[in-house]
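Protein chains in written order, with the working numbering: chain A, 1 to 311; chain B, 1 to 298.
Take a look at the structure set out below.
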Amino acid sequence: MLGKPISQSKKMRLNRMLMIGCLAATTIAVLVLSALLVSIAIEGTSSLSWSFLTSFASRKPSQAGILAPLMGSVWVCTICAVVAIPVGISTAIYLEEFARRSRVKRLIQLNISNLSGVPSIVYGILALVAFVRFFGIRPSDEPWTFGNSQSIWYLQIPFGPSVIAGGLTLALVVLPIMIISSQEALRAVPPSLRQAALALGSTQWQVVWRVTLPAALPTMMTGAILSMSRAIGEAAPLLVIGGFLLVFQTPANLMSDFTVLPLQIFNWSGRPQADFHKIAAAAILVQLVVLLAFNSIAIIIRQKLQRPLQS
Amino acid sequence: MNDHSLPGTTMDQPTTTPHSPHSPHHGASASAGGASGAASAANISTPATIAIEMRNFSAWYSKNQVLHAIDLDIAAKQVCALIGPSGCGKSTLLRWLNRMNDTIAGARATGGLSLHGAALLDASLDVVDLRRRVGMVFQKPNPFPKSIFDNVAFGPRLHRVYSRTDLEELVEQSLRASALWDEVKDRLTSSALGLSGGQQQRLCIARAIAVGPELLLMDEPCSALDPRSTASIEELIRELRATYTIVIVTHNMQQASRVSDATAFFYEGKLIETGPTDVLFTAPKERRTEDYVTGRFG
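Next up, the structure:
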């Protein structure tokens with residue numbers, strides 16, 4: 001036989017070393033994270049109460065609450081989801097199922113991959129120009145108005161630093177991730193299913209609507225909810241478009257001023273008084289619970305939708 | 001298993017397409033095993049109309065020519081087996097018959113190819129309509145991740161709007177015709193992926209015939225199945241012959257001799273020999289055919 005044999009003990013040693021190395025890496029990551037969580041929990045739990053969730057911000061830390069940022073986060077993320085999920089999924093369907101292989105498609109694909117790596121603050125600058133100021137086409141103190149200012153659908157253009165501008169900004173941030181995860185979900189659908197549908201006389205659209213999309217939807221939903229978890233944690237782009245740090249009302253319509261949890265945390269943790277740090281920690285706990293809830297929904301959806309696919 | 005003589009025309013089908021997934025042979029099943037030569041010989045003697053006509057038919061994938069000037073007639077309501085070593089172009093030929101090659105970039109073909117007089121290479125041909133008239137069964141069973149019922153109902157639902165009872169009737173007919181009804185009638189709503197490989201393949205056949213095709217294409221339908229499932233599919237093919245024209249690609253010589261009425265032998269993209277199956281297998285004219293069917297190469 002050719003080659004010099006590697007001793008069994010040497011192989012086992014290498015095996016052990018690699019295993020220990022990976023274990024150490026995992027432990028470090030888990031330890032750091034738990035230390036962070038524990039310190040936040042210790043600092044924040046004392047401030048958590050029902051009134052903390054249902055009061056507005058205040059100069060006195062003991063009376064301050066997170067109602068405005070909590071509702072702001074809900075509004076902004078809902079708008080973000082309503083825009084980013086359909087647009088992201090449709091784009092993925094177009095790129096994967098309809099677009100012919102061409103230079104233009106490759107260029108689009110490359111751009112989407114690049115955009116997913118762009119720092120979110122850059123999207124904030126784009127959104128500031130496009131949504132908040134509307135490219136300066138119309139001065140913000142005399143906007144075009146649509147609808148009754150009491151209605152929930154009341155709109156002004158330019159949007160100004162409003163809920164809808166915030167939601168659209170976050171939609172920009174998560175759109176590349178949304179598109180890429182949807183594309184991957186579509187690619188995971190076996191080609192044999194598309195062939196079967198085509199051979200039965202489906203049009204391209206029928207293949208997508210009746211076979212590919214249902215098969216890819218659980219994975220897509222997971223991607224969508226993970227994108228939303230990203231959106232709910234973003235502060236930087238909203239800071240750029242002029243999200244408010246202190247808001248004393250919940251949003252009433254798309255034009256309302258808003259703040260979100262990360263902005264509120266940013267505001268409070270930047271103050272000198274220790275009591276504000278405590279309520280910042282409490283707000284972080286709320287944010288974590290919201291995130292956890294989002295991720296659990298993702299898991300539940302995946303389980304529920306995937307069950308009928310298996311025997 | 002009762003024969004369940006359904007009025008096949010109650011579903012007001014378009015007049016252009018005969019729609020009867022119900023096989024008259026069904027129920028009086030032929031024995032699974034060695035009815036090799038006898039069955040095919042009986043069928044060959046009946047004069048047959050030509051279903052598929054190929055004249056000087058050539059096909060390419062990009063610059064690579066895979067079929068060279070094929071002249072071949074395939075009779076209606078018979079089973080025609082395409083045999084030959086891997087890469088000889090038989091699957092390509094099959095995939096031109098329902099224009100599935102359209103989905104492959106760089107695939108093109110020239111010459112004459114017609115199904116019941118309709119030119120299949122015509123640019124104006126409605127491919128979706130063609131595929132409704134030509135069913136296809138693939139190498140690996142590929143049921144949709146849906147219920148058994150929804151799998152069979154998938155094709156019909158693409159093309160027409162059915163009442164629930166009509167659809168149930170059609171699904172039952174198709175499952176009976178593919179000899180699967182008795183095994184699945186109590187679990188139509190459970191997932192098709194829970195069926196065995198052989199059952200899945202018969203489900204795929206039921207799914208194909210539910211649309212009411214004139215022609216069934218089978219691309220090595222048994223290559224992923226165990227011998228027992230293979231036997232049941234072969235038996236099914238013999239039964240379906242009464243209703244459909246069937247073109248089957250197979251690597252299994254015994255299978256070709258068992259199920260087909262006519263056989264065409266391909267080698268390196270050329271049609272070497274064609275004729276009634278029993279003649280081709282017992283007294284081939286070409287040396288290469290003889291070598292191949294006797295297992296000396298390929």
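Just so it is clear, CB atoms sit at the ideal spot from N, CA and C, and this is done for glycine as well.
Check                                                                                                                             : Outcome
Cβ pair leucine 203 of chain B, isoleucine 209 of chain B closer than 9 Å                                                         : no
Closer than 9 Å to chain A by CB, alanine 208 of chain B                                                                          : yes
Between the CA atoms of lysine 270 of chain B and phenylalanine 297 of chain B - distance to the nearest angstrom                 : 16 Å
Contacts of serine 202 of chain A in chain B (Cβ-Cβ under 9 Å)                                                                    : Val128, Arg131, Phe154, Gly155, Leu158
Sequence ranges, beta strand (DSSP E) only - wholly within the segment 220-293 of chain B, length at least 3                      : 245-249, 262-267, 270-276
Beta-carbon separation (whole angstroms), glycine 135 of chain B vs valine 211 of chain B, contact threshold 8 Å                  : 6 Å
Residues near proline 227 of chain A in its chain [Cβ-Cβ closer than 6 Å; skip 5 each side]                                       : Per the sequence presented here, residue 227 of chain A reads as serine, with proline not at that position. Only Val174, Ile177, Met178 meet the Cβ criterion.
Bridge partners - tyrosine 61 of chain B, DSSP secondary structure assignment                                                     : B:Asn64, B:Ala107
Under the three-state DSSP convention, the category aspartate 150 of chain B falls into                                           : helix
Arginine 300 of chain B versus valine 79 of chain B: straight-line alpha-carbon distance, rounded                                 : A question about residue 300 of chain B goes unanswered here, because the residues of chain B that appear run from 1 up to 298.
Bridge partners - tryptophan 209 of chain A, DSSP secondary structure assignment                                                  : DSSP, once it has assigned bridges, lists no residue as partnering tryptophan 209 of chain A.
Chain D contact residues for lysine 90 of chain B, given Cβ-Cβ distances below 7 Å                                                : In summary, chain D is missing from the structure at hand, where the protein chains are A and B.
CB of isoleucine 66 of chain A within 9 Å of CB of alanine 283 of chain A, strictly                                               : yes
Chain B contact for arginine 230 of chain A (CB, 9 Å cutoff)                                                                      : no
Asparagine 101 of chain B classed as buried or exposed, judged by whether at least 16 other C-beta atoms fall within 10 angstroms : buried
Rounded distance between the beta-carbons of leucine 261 of chain A and leucine 31 of chain A, thought under 8 Å                  : That pair is no contact at about 26 Å.
CA-to-CA distance, isoleucine 89 of chain A to alanine 231 of chain A, given in whole angstroms                                   : 17 Å
Per-residue DSSP class, three states only, for asparagine 253 of chain A                                                          : coil
Where glycine 27 of chain B sits in the DSSP three-state scheme                                                                   : Low local confidence applies: a pLDDT of 37 at glycine 27 of chain B is under 50, so the model's placement there is unreliable, with the coordinate-based value given in what follows. Three-state DSSP puts glycine 27 of chain B in coil, outside helix and strand.
Rounded straight-line distance, which links the Cα of leucine 121 of chain B to that of leucine 130 of chain B                    : 11 Å
Span of the beta strand (DSSP E) around methionine 136 of chain B                                                                 : 134-137
Members of the segment 98-125 of chain A near chain B, C-beta cut-off 9 Å                                                         : Arg100, Arg101
Whether isoleucine 157 of chain A touches arginine 138 of chain A by CB criterion (9 Å)                                           : yes
Proximal chain B residues relative to leucine 193 of chain A, where beta-carbon distance stays under 8 Å                          : Asn142, Phe144, Pro145
CB of alanine 197 of chain A within 9 Å of CB of alanine 84 of chain A, strictly                                                  : no
Valine 303 of chain B - containing beta strand (DSSP E), residue span                                                             : Lying before the first or after the last residue shown, residue 303 of chain B is absent from chain B, which here runs from 1 to 298.
N-terminal and C-terminal residue of the beta strand (DSSP E) that leucine 336 of chain A is part of                              : The requested residue 336 of chain A does not occur in the structure, where chain A is confined to residues 1 to 311.
7 Å CB neighbourhood of valine 76 of chain A in its chain, flanking five on each side removed                                     : Val163, Gly166, Gly167, Leu170, Phe258, Val260
Whole-angstrom C-beta distance between glycine 112 of chain B and phenylalanine 154 of chain B, which should lie under 8 Å        : Not a contact, Cβ separation roughly 33 Å.
Alanine 197 of chain A at chain B interface by Cβ criterion, 9 Å                                                                  : yes
Contacting residues, own chain, Cβ-Cβ under 6 Å from alanine 235 of chain A (five flanking each side not counted)                 : Pro262, Leu263, Phe266
Separation of tyrosine 154 of chain A from aspartate 275 of chain A, as counted between CA atoms                                  : 39 Å
Residues of the segment 93-107 of chain B whose Cβ lies closer than 8 Å to any Cβ of chain A, in chain order                      : Asn98, Met100, Thr103, Ala105
Residue-chain proximity (proline 21 of chain B, chain A), Cβ-Cβ < 9 Å                                                             : Since pLDDT at proline 21 of chain B reaches only 43, below the 50 mark, its modelled position is unreliable, and no value is offered.
Unbroken stretches of the alpha helix (DSSP H), 4 residues or longer, contained in the segment 242-304 of chain A                 : 261-269
Contact with chain B by valine 83 of chain A, beta-carbon distance below 9 Å                                                      : no
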